[in-house]
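S.K.:
Protein chains: 2
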Amino acid sequence: MTDALPIGMFDSGVGGLTVLREVMRQLPGESTVYFGDTARVPYGSKSRDVITRFSLEIGQFLLQEKVKMIVVACNTASAFALPTMRQKFKVPIVGVVAPGARAALAATQSRRIGVIGTEGTIESQAYSEAIHYLDPKAEVFGQACPLIVPLVEEGWLEKPLALEVVKEYLTPLLTNRIDSLVLGCTHYPLLKNLLGQVTGPGVKLIDSAEETARAVGQKLREDKLEAPSGSSGAMRYFYVSDAPEKFEKIGRRFLGQELPAVKRVDIGSWI
Amino acid sequence: MTDALPIGMFDSGVGGLTVLREVMRQLPGESTVYFGDTARVPYGSKSRDVITRFSLEIGQFLLQEKVKMIVVACNTASAFALPTMRQKFKVPIVGVVAPGARAALAATQSRRIGVIGTEGTIESQAYSEAIHYLDPKAEVFGQACPLIVPLVEEGWLEKPLALEVVKEYLTPLLTNRIDSLVLGCTHYPLLKNLLGQVTGPGVKLIDSAEETARAVGQKLREDKLEAPSGSSGAMRYFYVSDAPEKFEKIGRRFLGQELPAVKRVDIGSWI
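Residue numbers (the numbering used here), protein chains in the order written: chain A, 1497 to 1767; chain B, 1497 to 1767.
1. Thinking C-beta only, is I1702/B closer than 8 Å to L1679/B?
2. 8 Å is my cut-off, CB to CB: does D1738/B come that close to chain A?
3. Could you tell me which of G1555/A, L1523/A, G1638/A sits nearest to S1725/A, measuring between CA atoms?
4. Please classify T1617/A as buried or exposed, where buried requires at least 16 neighbouring CB atoms within 10 angstroms.
5. Taking Cβ-Cβ distances below 8 Å as the criterion, which residues of the segment 1656-1670 of chain A are in contact with chain B?
6. Of all Cβ atoms in chain A, is any one closer than 8 Å to the Cβ of S1543/B?
7. Closest by CA to K1742/A, which one among M1581/A, A1500/A, E1706/A, V1510/A?
8. Closer than 7 Å by beta-carbon distance: list the chain B residues that pair up with V1546/A, in chain order.
9. With H, G and I counted as helix, E and B as strand and the rest as coil, what does DSSP make of Q1556/B?
10. Among L1657/B, Y1629/B, Q1639/B, V1761/B, which has the Cα closest to the Cα of L1647/B?
11. Distance cutoff 8 Å, beta carbons only. Does L1716/B sit that close to anything in chain A?
12. With a threshold of 8 Å between beta carbons, is W1766/A in contact with chain B?
13. Tell me which residue opens and which closes the beta strand (DSSP E) that Q1522/A is part of.
14. Looking at S1574/B and A1622/B, is the spacing between their C-beta atoms short of 8 Å?
15. Short of 6 Å in beta carbon distance, which residues of its chain neighbour K1720/B, apart from the five on each side in sequence? Order them along the chain.
16. Across the segment 1670-1689 of chain A and the segment 1562-1572 of chain A, are there enough close Cβ pairs to call them in contact, namely three or more that are closer than 8 Å?
17. Taking the alpha-carbon positions, what's the Q1812/A to V1761/A distance?
18. In chain order, which beta strand (DSSP E) runs of at least 3 residues are fully inside the segment 1701-1738 of chain A?
19. G1596/A to G1591/B, Cα distance in whole Å?
20. Can you tell me the Cβ-Cβ gap for V1736/A and G1532/A, rounded? I've got them flagged as a contact below 8 Å.
21. Who are the neighbours of E1650/B on chain A, taking C-beta pairs under 9 Å?
22. Have a look at the DSSP bridge pairing and note the partners of K1759/A.
23. Quick check: what's the CA-CA separation for Q1583/A versus L1687/A?
24. Under the DSSP definition of a beta bridge, which residues are partnered with G1504/B?
25. Among L1558/B, T1580/B, T1528/B, L1755/B, which residue has its Cα nearest to the Cα of E1722/B?
26. Report yes or no: is there a C-beta of chain E within less than 8 Å of the C-beta of L1647/B?
27. Can you tell me the Cβ-Cβ gap for V1645/A and V1611/A, rounded? I've got them flagged as a contact below 8 Å.
28. Going by beta carbon distance, what residues of the same chain come within less than 7 Å of D1507/B, once the five residues before and after it are set aside?
29. Go ahead and label S1704/B buried or exposed: buried means 16 or more other beta carbons lie within 10 angstroms of its beta carbon, across all protein chains shown.
30. Identify the continuous beta strand (DSSP E) that holds V1593/A and give its terminal residues.
31. Nearest to K1700/B by alpha carbon, out of I1566/B, V1587/B, S1606/B, L1578/B?
32. Rounded to whole angstroms, what is the Cα-Cα separation between D1545/B and V1563/B?
33. Please work out which residues of its chain come closer than 7 Å, Cβ to Cβ, to E1718/B, disregarding the five sequence neighbours upstream and downstream, and give them in chain order.
34. Kindly indicate which residue of S1620/B, A1602/B, G1613/B, A1603/B has the alpha-carbon position closest to the one of L1578/B.
35. Which stretch, first to last residue, makes up the beta strand (DSSP E) that contains S1574/B?
36. How about G1512/A and T1614/A: are their beta carbons less than 8 Å apart?
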């Protein structure tokens, strides 16, 4: 059996486009509906309750758009809202945390793993739990990096102070002698070079986008939801809750190509 | 005539507490209801439409709490939402932009005025318009500083990179030979020392909190809404849309004293 319906994906903003990019690369025949919650971005500093409520509202919107699966392309929402979303919605739900945890364990030799992310992601211990579920002996060291997202959004990656910010966060983390570092926020892949400069070549950087796209492909095969192989071109839909032009402009860097028209939808009206 | 009802105030988060602090100092007999929209913070990067909608929702909430006046203790919301709020609500509405503009004009000698604020505040040209309304010959130079709010919230004011961030924003602005600088965001007063280091003593820093509290007092007198002078102690109420404990913790620095219990209210339910 196959299913031509699109895959739904969401993030608090543009970050999840790094996951979409990988899904488009690995599964080019799958249509996608992406939602960026730009009216309420960022998620990283907010509570489990509020992020769960936002995620349920967005899930509802995506289901109205007739998606066959929901990809939570946001680390904070994955850390907080997955169990509730799986209870409420019947379609399969794939997050970014479990794939990131798997990738980290595949990469590490010393089993000393660092995780950087938003305050919410780090405080939730979601990566720590996901890694320990697979390997109880691994040691996980987390570090919240709240300034990195605004730095990326400001486009200041080349400035000397970007390096200062990254050093400020990573220096204490590196004293734990980690050999792999999970980029636990979809904004961080854009800083990969800078992060690598600070960690040095002895630390592998784990970008969960690739592994998440792989998990999406596997789940589609398992549930027999793959797009028909002979189907004509995949469709791309983009929605945001605020400022579509700005999303198009910043989104390019994350998606690695131009975005088609982005529509604003009023999130208050779905409930 | 007098009115013992409280004054309503709101901001996207903790920043507006700098205005509340001044209101408490200048008008100690007035009770207050403060709302921080911590579920949707920040406002500075969002559109006029969305910020206007949020402001109307919060206004509605404050009116349910029976406030006699609404103080928009947020520069972005003042820049975007005041006209619509004044149309929809019958109570007097006081923003922070007009008082800041007046204070800048009182301070400047060269009539070359700098304004720093969020993207929304600067792009709206609200300060520029307010200043030109009072003095068409003044020259106004704006600079959006999106990284300053997260820097203040991270508590990194003493780190060398805070100085780097401030220099990055102010150096181009200072080439315009301004002699006064409006701190057009309620977070900025906490950075006053650092800003002064970069501007040097020749530039006066304008904090609109003080001037706004004065405008509130004046409006209360004009509309005969002052609290009865013999009334027993003023009441302080604090509400947020997310994470009350965090608000209490960060809020202290802005209010300059401990906060009483902060309650969370569910903003979705007012509409």
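All C-beta atoms, glycine included, are put in the ideal place defined by N, C-alpha and C. This one's a predicted model, so the numbers in the text were calculated from it and none came from an experiment.
M.R.: Taking the geometry as given:
1. yes
2. yes
3. L1523/A
4. buried
5. P1656, L1657, E1660, V1661, E1664
6. yes
7. V1510/A
8. A1535, D1738
9. helix
10. L1657/B
11. no
12. Only weak support is given to the placement of W1766/A: the predicted model assigns it a pLDDT of 47, under 50, and the value that follows is read from those uncertain coordinates. Taking Cβ atoms only, chain B never reaches closer than 8 Å to W1766/A, which makes this a no.
13. First-last for Q1522/A: 1513-1522, but that is the alpha helix (DSSP H), not the beta strand (DSSP E).
14. yes
15. M1497
16. yes
17. Because chain A here runs from 1497 to 1767, residue 1812/A falls outside it and cannot be looked at.
18. 1732-1736
19. 46 Å
20. 4 Å
21. P1642, L1643
22. Y1735/A
23. 35 Å
24. V1529/B, I1566/B
25. T1528/B
26. Reference to chain E is not applicable here, since the protein chains of this structure are A and B.
27. No, V1645/A and V1611/A are not in contact; Cβ-Cβ is about 16 Å, not under 8 Å.
28. G1532, A1569, C1570, T1682
29. buried
30. From DSSP, V1593/A is part of no beta strand (DSSP E) but of the alpha helix (DSSP H) over 1593-1603.
31. S1606/B
32. 25 Å
33. none
34. S1620/B
35. Run containing S1574/B: none in the beta strand (DSSP E); it sits in the alpha helix (DSSP H), 1571-1584.
36. no
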